[in-house]
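Reading through the structure tokens given below for one structure.
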Amino acid sequence: MNQNSRDGFSSRFGVFAAVIGSAVGLGNIWRFPYMAGENGGAAFLIIYFAFILIIGIPAMLSEFIIGRRGQSDSYGSFKQLVPKKPWYLVGLMGILAAFVILTFYSTITGWTLEYVVLAVKDVFSSTAAIQDPKQVFEHFHTQAARPLIWQLTTITIAALVVLFGVRKGIEGSAKILMPMLCVFLVILAVKSLTLPGSVEGMKFLFKPDFSKLNSSVLLAALGQAVFSLSVATGVLITYGSYIKKEVNMSRTAFSVSIADTFLAVLAGIAIFPAVYSFGMQPDQGPGLVFVVLPGIFQQMTGGVYFALLFFILVAVAGITSIISLLEAVVAPLVERFKLKRIVATSIAAGLACALGAFTTLSFGPLKHVKLFNKSLFDVSDFFASNILLPLGAFFLLVFLGWFYDIKQTKDELSNQGRLKLQLFPVFVFIIRFIAPTGILLVFLKGLGVFSFFG
Ligand code: PHE
């Protein structure tokens with residue numbers, strides 16, 4: 357397709373902002389801190405960072421290459437590159453993953469909107485009649501109506517942005533929201549660090565305890581690394597197709613991944629020193645953000661303002677990621693079925709709301725519905741993050757490493773020979789051997805496939 361007829365990102369910064377908008381999300385601010393909290397703090401961090409380097413960055417770059425070469429969505433790009441082979445199934449798997457993530461991700465993002473409202477209502481200020489944050493959370497997230505309304509709101513906001521298109525909607529909103537998010541996070545981190553006794557929190561985050569590491573922690577770290585970089589969901593292939601031919605994609609992938617990791621750690625710095633300073637426990641799981649932090653805001657001077665900053669921050673992080681997930685589903689509908697953007701967006705958003713309702717209700721009225729002994733929420737999360745994403749990343753690396761003409765890859769990555777690629781052999785070695793082997797080992801071991809070997 358003619359490059360000019362496709363909507364796309366306007367500049368290098370535009371690409372950076374949009375991809376960061378996708379990558380930085382609940383994964384960084386809600387999930388990463390509680391996973392690190394449960395799995396040994398710094399030990400988890402080290403493993404996580406290793407996965408970002410050897411799997412996340414190469415996989416992100418591979419997707420950019422596939423997308424920009426294919427000039428289409430995640431299904432169409434594979435079709436374009438290898439028309440006669442079934443590799444498009446990997447693209448479809450990505451779209452499925454995006455859809456599944458959309459359903460449960462919008463649940464939590466919806467909760468953050470409720471918390472923005474609670475903060476505005478002064479529930480977290482020390483002057484208000486103190487309410488037990490645990491009860492507030494229990495009461496709210498087990499209901500039916502409110503969480504559903506917030507989920508609907510979240511998806512609608514994202515859909516409105518997607519409607520405006522790639523440059524005006526996605527890029528335009530990210531360029532405003534992402535710098536804002538960074539400023540908020542820095543303010544919160546500084547506040548947390550200057551609380552008395554914050555050193556313990558920093559120790560927790562940066563002093564490794566390797567005794568907590570085991571194969572399921574490794575799988576969780578791998579799942580989190582790919583999840584956090586939005587790998588294997590069709591998002592990066594789709595976004596790759598919007599990147600102009602003159603942008604240096606290696607640089608983009610590298611800087612986005614480092615920034616994403618940095619922001620996750622910064623979220624940890626905003627959270628753990630405060631947690632320790634107020635004598636709370638770091639390993640409270642998913643409730644860390646919705647129970648432990650509100651408890652802290654209640655006791656902090658000016659807590660209500662920090663609460664407001666914090667929950668706006670998480671909501672923004674969540675919504676910008678939902679925008680990308682939605683785009684990954686909308687793009688193939690537009691390109692394959694020649695639907696108008698508004699029709700495609702309405703279909704994708706409508707389906708996400710309909711199915712997402714089950715995940716949202718799995719905390720309340722559908723609490724007793726279990727699949728594989730897990731709630732619907734946990735099943736969707738596990739299925740997407742620990743199965744679809746690692747497998748998707750594996751296949752796309754193997755595709756580019758072994759089944760696609762390496763000369764074409766080099767041509768795309770070097771902008772048709774204009775960029776010098778000193779590290780190209782390293783990249784090829786990683787996508788051929790290191791990354792796929794790493795994923796397989798961690799994946800199979802994590803699922804207990806060869807646990808009988810000890
Ligand atoms: N990367 C986002 C986060 O860390 C989540 C996400 C996954 C977004 C996959 C898009 C695609 O929260």
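Just so you know, my numbering puts 747 at position 391 of the sequence shown, and the rest follows in order with no gaps. Where a beta carbon is used, it is the ideal one built from N, C-alpha and C, also for glycine.
Neighbourhood of residue i by C-beta, 8 Å cutoff - its chain only, sequence neighbours within 5 removed
| i | result |
| --- | --- |
| I698 | L519 |
| G528 | F520 |
| M636 | V648, G651 and I652 |
| L727 | V735 |
Per-residue DSSP class, three states only, for residue i
| i | result |
| --- | --- |
| P650 | helix |
| G397 | strand |
| M357 | With a pLDDT of 45 at M357, under the threshold of 50, the predicted position of this residue should be treated as unreliable, and no value is reported. |
| S481 | coil |
| K811 | Because the chain here runs from 357 to 810, residue 811 falls outside it and cannot be looked at. |
| K441 | coil |
| L569 | coil |
| K531 | helix |
| K776 | coil |
| L727 | strand |
| D363 | coil |
| S586 | coil |
| L551 | coil |
| F634 | coil |
| G720 | coil |
| G757 | helix |
Residue i CB to nearest heavy atom of ligand 1 below 7 Å
| i | result |
| --- | --- |
| G466 | no |
| T589 | yes |
| L537 | no |
| N384 | yes |
| A500 | no |
| A392 | no |
| L752 | no |
| F379 | Just to set this straight, residue 379 is Ala in the shown sequence, not Phe. At least one heavy atom of ligand 1 is nearer than 7 Å to the Cβ of A379, so yes. |
| F583 | yes |
| A704 | no |
| S677 | yes |
| L649 | no |
| S481 | no |
| L681 | yes |
| I457 | yes |
| S586 | yes |
| A577 | no |
| A687 | no |
| A374 | no |
| A609 | no |
| A454 | yes |
Run of the alpha helix (DSSP H) containing residue i, from where it starts to where it stops
| i | result |
| --- | --- |
| R697 | R697 to L717 |
| G596 | V591 to G596 |
| G426 | I413 to G426 |
| V603 | Where V603 is concerned, there is no enclosing alpha helix (DSSP H), given that its DSSP letter is neither H nor E. |
| K559 | S554 to F562 |
| D767 | I762 to L769 |
| E691 | G659 to F693 |
| P746 | L745 to V754 |
| T512 | A501 to L519 |
| D429 | Per DSSP, D429 belongs to no alpha helix (DSSP H) and is neither H nor E. |
| K490 | P489 to H497 |
| A374 | R368 to A379 |
| S736 | L732 to D737 |
Own chain partners of residue i with C-beta closer than 6 Å, once the 5 adjacent residues on each side are dropped
| i | result |
| --- | --- |
| I652 | A630 and F634 |
| K531 | A373 |
| S718 | S731, L732 and F733 |
| F455 | V685 |
| K801 | S571 |
| T716 | T463, P503, L504 and Q507 |
Spatial neighbours of residue i in its chain, beta-carbon cut-off 7 Å, leaving aside the 5 residues before and after
| i | result |
| --- | --- |
| I413 | A609, F610 and S613 |
| T487 | It is Gln, not Thr, that sits at residue 487 in the sequence shown. Excluding residues within five positions, the ones whose Cβ falls inside 7 Å are V479. |
| I790 | I410 |
| L619 | V380, N384 and L541 |
| A475 | V660, A663, L664 and F667 |
Within-8 Å CB hit, residue i to chain B
| i | result |
| --- | --- |
| S428 | You won't find chain B in this structure, because it holds only one protein chain. |
Report task. Count the C-beta pairs between the region 666-676 and the region 461-480 that are closer than 8 Å, then say yes if the count reaches three, no if not. Result -> Between the region 666-676 and the region 461-480 there are three or more inter-stretch CB-CB distances shorter than 8 Å, so the stretches are counted as touching.
Query raised in the report: Hey, is the region 435-446 in contact with the region 614-632, meaning 3+ C-beta pairs nearer than 8 Å?
Result: Per the Cβ contact rule, the region 435-446 is not in contact with the region 614-632 (fewer than 3 Cβ pairs under 8 Å).
Query raised in the report: Is the number of C-beta pairs between the region 566-586 and the region 391-410 that are closer than 8 Å three or more?
Result: A contact is defined here as three or more CB-CB pairs under 8 Å, and the region 566-586 meets this definition with respect to the region 391-410.
Query raised in the report: Looking at C-beta atoms only, is the number of pairs between the region 541-561 and the region 745-761 that lie closer than 8 Å three or more?
Result: Contact between the region 541-561 and the region 745-761 is absent, because fewer than three Cβ pairs lie under 8 Å.
Query raised in the report: Does the region 699-712 touch the region 676-690, meaning 3 or more C-beta pairs lie closer than 8 Å?
Result: With the cut-off at 8 Å, the region 676-690 and the region 699-712 touch.
Requested in this report: Mind the definition here: the region 753-762 touches the region 582-592 only if three or more C-beta pairs lie below 8 Å; say whether that holds.
Outcome: Counting Cβ pairs under 8 Å, fewer than three are found: no touch.
Query raised in the report: Does the region 702-718 touch the region 501-519, meaning 3 or more C-beta pairs lie closer than 8 Å?
Result: Touching, per the Cβ criterion.
Report task. Would you check if the region 406-422 and the region 653-667 touch, i.e. whether three or more CB-CB distances between them fall below 8 Å? Result -> Contact fails between the region 653-667 and the region 406-422, because fewer than three Cβ pairs, one in each stretch, are under 8 Å apart.
Query raised in the report: Are the region 590-599 and the region 384-397 in contact at 8 Å, needing three or more beta carbon pairs?
Result: Judged by Cβ distances under 8 Å, the region 590-599 makes no contact with the region 384-397, as fewer than three pairs qualify.
Query raised in the report: Just checking, does the region 504-512 make contact with the region 722-739 on the three C-beta pairs under 8 Å criterion?
Result: Touching, no.
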